[in-house]
Amino acid sequence: MKFTLMINEGPYQHQSADTALQFARAALAKGHEIYRIFFYHDGVNNGTRLSVPPADDRLLQKEWSELAKEHDLDLVLCIAAAQRRGIMDEDEAKRQGLDANNIIEGFRISGLGQLIEGGIQSDRTIVFGD
Amino acid sequence: MAMLHIVNKSPFERVSFRSCLNHAKAGDSILMIEDATVGAIEGSSFADKLKAAMADKTVYVLSGDLAARGLSEDRMIEGIKSVDYAGFVDLTVENETTQSWL
Amino acid sequence: MATKKFMFVNRKAPYGTVYALESLEVVLISAAFEQDVSLAFLDDGVYQILKGQNTDGIGQKNFSSTYKALGDYEIKKLYVEKESLEERGLTPDDLMDLVWEDEDDDWAEKPSIILVNRSEMADVMAEQEVTLSF
Numbered sequence: 001m002k003f004t005l006m007i008n009e010g011p012y013q014h015q016s017a018d019t020a021l022q023f024a025r026a027a028l029a030k031g032h033e034i035y036r037i038f039f040y041h042d043g044v045n046n047g048t049r050l051s052v053p054p055a056d057d058r059l060l061q062k063e064w065s066e067l068a069k070e071h072d073l074d075l076v077l078c079i080a081a082a083q084r085r086g087i088m089d090e091d092e093a094k095r096q097g098l099d100a101n102n103i104i105e106g107f108r109i110s111g112l113g114q115l116i117e118g119g120i121q122s123d124r125t126i127v128f129g130d
Numbered sequence: 131m132a133m134l135h136i137v138n139k140s141p142f143e144r145v146s147f148r149s150c151l152n153h154a155k156a157g158d159s160i161l162m163i164e165d166a167t168v169g170a171i172e173g174s175s176f177a178d179k180l181k182a183a184m185a186d187k188t189v190y191v192l193s194g195d196l197a198a199r200g201l202s203e204d205r206m207i208e209g210i211k212s213v214d215y216a217g218f219v220d221l222t223v224e225n226e227t228t229q230s231w232l
Numbered sequence: 233m234a235t236k237k238f239m240f241v242n243r244k245a246p247y248g249t250v251y252a253l254e255s256l257e258v259v260l261i262s263a264a265f266e267q268d269v270s271l272a273f274l275d276d277g278v279y280q281i282l283k284g285q286n287t288d289g290i291g292q293k294n295f296s297s298t299y300k301a302l303g304d305y306e307i308k309k310l311y312v313e314k315e316s317l318e319e320r321g322l323t324p325d326d327l328m329d330l331v332w333e334d335e336d337d338d339w340a341e342k343p344s345i346i347l348v349n350r351s352e353m354a355d356v357m358a359e360q361e362v363t364l365s366f
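Residue numbers (the numbering used here), protein chains in the order written: chain A, 1 to 130; chain B, 131 to 232; chain C, 233 to 366.
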């Protein structure tokens with residue numbers, strides 16, 4: 001089956017991102033396809049490369065990044081939500097006249113249409129939120 | 131179309147679990163994940179409401195979340211099925227649609 | 233592109249969290265994809281479409297007028313749960329007057345709000361192919 005996952009919360013604050021990551025891994029292990037993972041609301045915070053949790057704890061952003069690389073996943077951060085929360089890629093930072101960008105490898109910033117399109121193209125759309 | 135209802139908040143914290151049970155239909159499945167797994171325990175003030183739902187719906191709990199919260203499966207309401215993340219995936223495949231009650 | 237039945241489920245009051253505002257943004261975008269879109273307002277979600285919202289005292293933007301634009305985008309199925317209103321001491325009169333214009337009926341204005349009881353809401357939910365919760 002083809003899945004689109006929607007993740008509404010940031011890492012650590014809520015368990016949603018962890019649950020979604022575990023779900024994604026299990027789905028891929030079973031041979032399913034993940035069409036897109038769309039990050040909305042505080043979920044865009046899963047895409048920062050500046051997170052430094054304690055050494056003995058998981059680094060969710062990196063886990064997403066590595067999963068994306070290993071399975072060629074499409075990780076999308078909603079542009080409107082990202083702008084609100086200060087998650088920027090290089091192009092967007094330049095466009096906004098900001099002095100830094102902070103997105104981690106493996107994520108791309110795009111519009112809400114990607115969420116709808118994911119829902120249309122996939123067999124199952126699962127929401128992870130609070 | 132059978133629906134999988136995913137609940138993630140404790141029934142003692144939020145109304146979402148209660149609201150889910152008020153809207154699930156016969157033949158649907160309900161999966162407790164994250165904090166909602168505390169609702170699986172026998173003898174709580176929520177147990178009767180969940181047992182009533184189990185008359186015509188199948189209820190599951192994500193095993194990892196229950197264990198994380200220090201609750202053992204032998205304390206669960208009888209009839210609740212325990213699944214792991216692979217089982218979670220299977221439930222989303224077996225049911226035509228999914229609704230997350232947040 | 234295929235046409236699917238999309239439902240956007242709203243169960244939270246506006247302003248206390250961002251979900252009401254940001255879910256509305258998704259709904260507006262969905263209009264461009266010509267899908268069969270429904271909105272569900274139940275539990276505290278009914279507060280999102282209450283009339284008379286005034287945010288002057290809290291420093292947030294009042295976005296309630298955006299719901300009035302939904303009709304223009306052909307989003308005209310707004311299911312509101314009766315029990316959720318009653319539990320909160322509200323009546324249908326408390327809700328905003330949300331309409332759409334039927335081009336097949338000489339552009340007559342028709343109500344977008346469809347009042348349903350809990351059981352009817354469950355039936356509508358069961359028909360959906362993609363259900364997004366916020």
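Where a beta carbon is used, it is the ideal one built from N, C-alpha and C, also for glycine.
DSSP lists no bridge partner for ARG243(C). Residues of chain B whose Cβ lies closer than 9 Å to the Cβ of THR19(A) are, in chain order, ASN138, ILE163, GLU164, LEU192, ASP195, TYR215, PHE218. TYR247(C) and THR298(C) do not touch by the CB rule: their CB atoms are close to 14 Å apart, not below 8 Å.
MET239(C) places its beta carbon less than 7 Å from that of SER270(C). By the 16-neighbour rule on beta-carbons within 10 angstroms, VAL52(A) is exposed. Take the alpha-carbon of GLN96(A) and the one of GLU319(C): they are about 46 Å apart. At least 7 Å separates the CB of ALA24(A) from every CB of chain B. If you check each beta-carbon in the stretch 292-320 of chain C against every beta-carbon of chain B, none falls closer than 7 Å. Judged by DSSP in its simplified three-state form, PRO54(A) adopts coil rather than helix or strand.
Look at the beta carbons and you see the stretch 28-42 of chain A not touching the stretch 172-179 of chain B: under three pairs across the two are nearer than 8 Å. Listed along chain C, the residues sitting closer than 7 Å to ALA80(A) by beta-carbon distance are GLU257. By the criterion of a C-beta distance shorter than 6 Å, ALA82(A) is surrounded in its chain by VAL44, ILE109, once the five residues flanking it on both sides are discounted. Put simply, the CB of LEU112(A) is near chain C, with a gap under 7 Å to one of its CB atoms.
Under the Cβ criterion (8 Å, minimum of three pairs), the stretch 186-194 of chain B does not count as touching the stretch 102-117 of chain A. Proximity of VAL362(C) to chain A, defined by a Cβ-Cβ separation below 7 Å, is satisfied. Counting only unbroken stretches of 4 or more residues, the alpha helix (DSSP H) elements lying wholly within the stretch 328-362 of chain C are 350-358, in sequence order. Considering only beta carbons, the part of the stretch 114-127 of chain A lying closer than 9 Å to chain B consists of ASP123, ARG124, THR125, ILE126, VAL127, in chain order. In terms of beta-carbon proximity, GLN15(A) lines the interface with chain B, with at least one pair separated by less than 7 Å. Taking C-alpha positions only, ASP334(C) is separated from LEU322(C) by approximately 29 Å.
For GLU254(C), the neighbours in chain A by C-beta distance under 8 Å run, in chain order, TYR40, HIS41, ALA80, ALA81.
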